[in-house]
Structure formats: C-alpha cells, structure tokens
Amino acid sequence: MTDRAVLVTGASRGIGRAVAEAFAASGDRVAIHHRDSADAAEQVRAQLPGAGHVVVRADLADPDAVRLMVDRAAELLGGLDVLVNNAGTYGDRDDPHPIFGASYEQWQRRWRQVLETNLTGAGNVTWCAAQHMRERGGRIVNVSSRGAFRGEPQQPAYGASKAGLNALGQSLAVALAPYGIAVATVAPGFVATDMVAGHLGGEGGAAIRAQSPFDRVARPEEIAAAVHWLASPLAEWASGTIVDLNGASYLRS
Ligand code: NAD
Numbered sequence: 085m086t087d088r089a090v091l092v093t094g095a096s097r098g099i100g101r102a103v104a105e106a107f108a109a110s111g112d113r114v115a116i117h118h119r120d121s122a123d124a125a126e127q128v129r130a131q132l133p134g135a136g137h138v139v140v141r142a143d144l145a146d147p148d149a150v151r152l153m154v155d156r157a158a159e160l161l162g163g164l165d166v167l168v169n170n171a172g173t174y175g176d177r178d179d180p181h182p183i184f185g186a187s188y189e190q191w192q193r194r195w196r197q198v199l200e201t202n203l204t205g206a207g208n209v210t211w212c213a214a215q216h217m218r219e220r221g222g223r224i225v226n227v228s229s230r231g232a233f234r235g236e237p238q239q240p241a242y243g244a245s246k247a248g249l250n251a252l253g254q255s256l257a258v259a260l261a262p263y264g265i266a267v268a269t270v271a272p273g274f275v276a277t278d279m280v281a282g283h284l285g286g287e288g289g290a291a292i293r294a295q296s297p298f299d300r301v302a303r304p305e306e307i308a309a310a311v312h313w314l315a316s317p318l319a320e321w322a323s324g325t326i327v328d329l330n331g332a333s334y335l336r337s
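Each residue of the sequence shown is one higher than the last, beginning at 85 in my numbering.
What follows is the structure in structure tokens.
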C-alpha cells in the first residue's frame, strides 16, 4: 500500500493537510490542492515525508478549472489511485442565513456559495477523478459533517450540502463498485481547524467541548487516520459507509 497517487482537495491547511501528511507518511505521493493559498500549499509539499508530491490549484466552484486541476494532478502523479474530497466551506459565520433573518438575496448568495463548493464542486472533482480510475480501480473518500445528520439551523445550505455529499457517496459506491472503485464518507463533528477556530473560545467553546464525554473537539489527525484507512486496500468492504466521528457525542445528549 505504498506509492499510490493521491489527490487531496483543500490540503493547504486543516483536515486536508493532516490527510496529506497521513498518505505521505505511508509512502504515497500526494497532489496538494488549494484555491488561493499557493505559499501554504508549497510549504505543506516541502514538509511532507517522501518525494513526488505536487501542488495543484482550482476554485472548486469553477467546473472548467476543476477539470484542468484533476487532469494536471493525474498527469503529474502518473494517474490517480485515491481522491479525498476534503475542501469545503461553511459560508461566512458572520453572515448566517437562517430562513428568517436573511434577505432573499443573502439566502441565494450563501446557497450558491456553499452548494457550488461542497456538493457540485465535489461531484465535479469526482467525475473527473473517476475517469482516471476507470481502468485501474481506486478509492474515493468524502469529508462530510455531522451537520448532514443533525442539521445546521444557522447555515441550512451547509447541512444540505453535506447530506447531499453523503448521498453522492452512497450512490457512487454502488455505481463504481464494478470498476473496483470504493467510495466512503467520514462525518466529523467539531474539529480544531481554522473553520471553527472562532467558536472554540469562551463559554461557547466550553459548551462545544462538553458535547463529547472526552470534553474536547477532534484533532485533524484523528479524522485523517479514518480517511487513510477508508482508502486502504482492505477497506473495500467499507464502501458505501458513512463513518460518524464524533467522540461519543450523541450518546449522552
Ligand atoms: P478549513 O477551512 O481549514 O479547510 C477548508 C479548505 O477548503 C480550505 O483549504 C479552503 O481553501 C478550501 N476551500 C473552500 N472553498 C473552496 C473552493 N471553492 N475551492 C477550492 N477550495 C476551497 O477547514 P477544515 O475544518 O479543515 O475543513 C475540511 C473539511 O472538513 C470541509 O469539507 C469541512 O466542511 C469539513 N468539516 C469540518 C469540521 C470542523 O469542525 N472543522 C467539521 C465537520 C466537517
């Protein structure tokens, strides 16, 4: 299980970076995708163990850029064995869009921004990557969220996008199995990254940590370890699953 060609979207920081590190540590070559963080992505590339890692760029909301990016990653790595659909956006936390409290224009803006990246973008990356896996098989792992199950009252588009991602993964697990491509999903709760950093301080942060009996949020490495296993040869039988990574949070609430 070494020297595989792995594309990780949104890998310049956060969970994506930890995922890139996990694959590189097991001897795989990683395409580190970013949107507008060339320096950070290059820094990740330079710090990864092993050789042959590359940096690729695209705004996932731009279907043409996505296609060029995936084809470029496959060209640089000599094909694609693993895709991790990690990149995602919560939308602007300071500009929430509940049904009441947001204008119709705000609602549409957020809906487009979040869905175009988290669902349409991931779907487009998947279509492009699957073309490269058709003859050789592969693994696709999607990074969803517990918001897909529990809802996101302040950002309904986020919950909807991640529920859609879950359904995309289940649909493709069936459709791609005949090609030796397994598709699985992880659905974390709070993970200590830039995406939620503003929420982890003060009383609000304490309440978030207290959701888990471990009294903390997840570390990116803990999500990356699950992603890495779901992309392993022995995880074909996990295709179609949605792994709920939430530190036993639901069980005592
Ligand atoms: P992050 O904000 O650090 O990383 C998100 C990455 O996605 C960034 O690199 C960002 O540039 C990239 N991205 C966003 N929109 C993009 C676009 N249009 N085109 C290209 N790249 C784009 O946050 P993270 O926590 O590392 O998030 C990684 C994934 O984990 C996301 O899909 C997120 O929804 C999911 N997730 C995070 C948490 C959490 O609490 N942090 C919980 C559940 C799920």
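Where is the CB? At the ideal position from N, CA and C, for every residue including glycine.
Inset, instruction - Since I believe A124 is in contact with R97 (beta carbons under 8 Å), could you give me their beta-carbon distance rounded to a whole number of angstroms? - result: 6 Å
Inset, instruction - Enumerate, from N- to C-terminal direction, the unbroken beta strand (DSSP E) stretches of 3 or more residues contained entirely within the stretch 197-247. - result: 222-227
Legend entry - Range of the contiguous beta strand (DSSP E) that encloses H117: R113 to H118
Inset, instruction - To the nearest angstrom, report how far apart R230 and D328 are at their CA atoms. - result: 7 Å
Legend entry - Range of the contiguous beta strand (DSSP E) that encloses L329: I326 to L329
Inset, instruction - Compare the beta carbon distance of G243 and G253 with 7 Å and say whether it is the shorter of the two. - result: no
Inset, instruction - Starting from the Cα of L167, find the closest Cα among L314, G331 and I292 and give me that residue. - result: L314
Legend entry - Where P147 sits in the DSSP three-state scheme: helix
Inset, instruction - For A109, I'd like the list of residues in its chain whose CB is within less than 7 Å of its CB, leaving aside the five on either flank, ordered along the chain. - result: P133
Legend entry - Through-space distance from A232 to R36, alpha-carbon basis: Nothing about residue 36 can be read from this structure; the chain reaches only from 85 to 337.
Inset, instruction - Please report how far the alpha carbon of A387 lies from the alpha carbon of R336, in whole angstroms. - result: What is shown of the chain runs 85 to 337, which leaves residue 387 out entirely.
Inset, instruction - For P182, name the three-state secondary structure that DSSP assigns. - result: coil
Inset, instruction - Would you mind reading off the limits of the beta strand (DSSP E) that contains V103? - result: Unbroken run through V103 is the alpha helix (DSSP H), G98 to A109; no beta strand (DSSP E).
Legend entry - Rounded separation between L318 and C212 - CA only: 24 Å
Legend entry - P275 CB to nearest heavy atom of the ligand NAD below 6 Å: Looking at the sequence itself, residue 275 is Val, so the reference to Pro does not match. It does: the Cβ of V275 is within 6 Å (strictly closer) of some heavy atom of the ligand NAD.
Inset, instruction - Decide if S228 is buried, meaning its Cβ has at least 16 other Cβ atoms within 10 Å, or exposed. - result: buried
Inset, instruction - Verify the contact flag: V280, CB atom, against every heavy atom of the ligand NAD, threshold strictly below 6 Å. - result: yes
Inset, instruction - Please classify R196: is it buried, with 16 or more other beta-carbons within 10 angstroms of its beta-carbon, or exposed? - result: exposed
Inset, instruction - State buried or exposed for F274, treating a residue as buried only when at least 16 other CB atoms are found within 10 Å of its CB. - result: buried
Inset, instruction - Answer with buried or exposed for D120, where buried requires no fewer than 16 other C-beta atoms within 10 angstroms of its C-beta. - result: exposed
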